[in-house]
Amino acid sequence: KKLGVEFIEQPLKADDWEGHKEVYQNSALPIIADESCQVEEDVAKCYNHFHGVNVKLTKCGGLTPGRRMLIHAKELGMKTMVGCMTESSVGISAIAHLLPLLDFVDMDGQLLLAKDIATGITIKDGVINYSEVNGTGVELL
Numbered sequence: 001k002k003l004g005v006e007f008i009e010q011p012l013k014a015d016d017w018e019g020h021k022e023v024y025q026n027s028a029l030p031i032i033a034d035e036s037c038q039v040e041e042d043v044a045k046c047y048n049h050f051h052g053v054n055v056k057l058t059k060c061g062g063l064t065p066g067r068r069m070l071i072h073a074k075e076l077g078m079k080t081m082v083g084c085m086t087e088s089s090v091g092i093s094a095i096a097h098l099l100p101l102l103d104f105v106d107m108d109g110q111l112l113l114a115k116d117i118a119t120g121i122t123i124k125d126g127v128i129n130y131s132e133v134n135g136t137g138v139e140l141l
């Protein structure tokens, strides 16, 4: 905590439930599930093994199941996060629509691309600017 670390993400293998429980019970920092929480049914499994879940829309099936996962986690009193892989602005713009449900977010995937395939939300100095385009605000280039 003194170093400004906010949480630890998935410190053990996905199926090490006994280890997750021990880390969860003894950690000074919140432990957030990643690989252990990929589909809707995983949220309940992560309860009392993690302090929160990191939902990846590309792994869980998109916005609708991702939203259900986040709501379920909130109902259980867990922290919520949406993360990304190397994704274009298409995926990042989708994530932006879930921000009100999130405690943490990782939206930098498009920054890792040499050339993005779309435009959508923009982020400047930590502030999200939504596109004027209908839907998720994405326009393919």
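Counting in my numbering, the sequence shown runs from 1 upward without gaps.
Beta carbons are placed, not taken as given, at the ideal position from N, Cα and C, and that holds for glycine.
None of these values were measured; they are calculated from a predicted model.
Boundaries of the beta strand (DSSP E) around residue 83: 79 to 83.
In the three-state DSSP reduction, residue 43 falls in the helix class (H, G or I). Secondary structure at residue 129: strand, using DSSP grouped into helix, strand and coil.
According to the DSSP assignment, residue 26 belongs to the alpha helix (DSSP H) that extends over 17 to 26. If you draw a 10 Å sphere on the C-beta of residue 25, you find fewer than 16 other C-beta atoms in it, and that means exposed. By the C-beta criterion, the stretch 38 to 54 is judged not to be in contact with the stretch 121 to 141, since fewer than 3 inter-stretch pairs fall below 8 Å. Between residue 141 and residue 117 a beta carbon distance of about 6 Å is seen, short of the 8 Å cut, so the two are scored as contacting. C-alpha of residue 23 to C-alpha of residue 80: approximately 18 Å in a straight line.
With at least 16 other beta carbons inside 10 angstroms of its own, residue 42 counts as buried.
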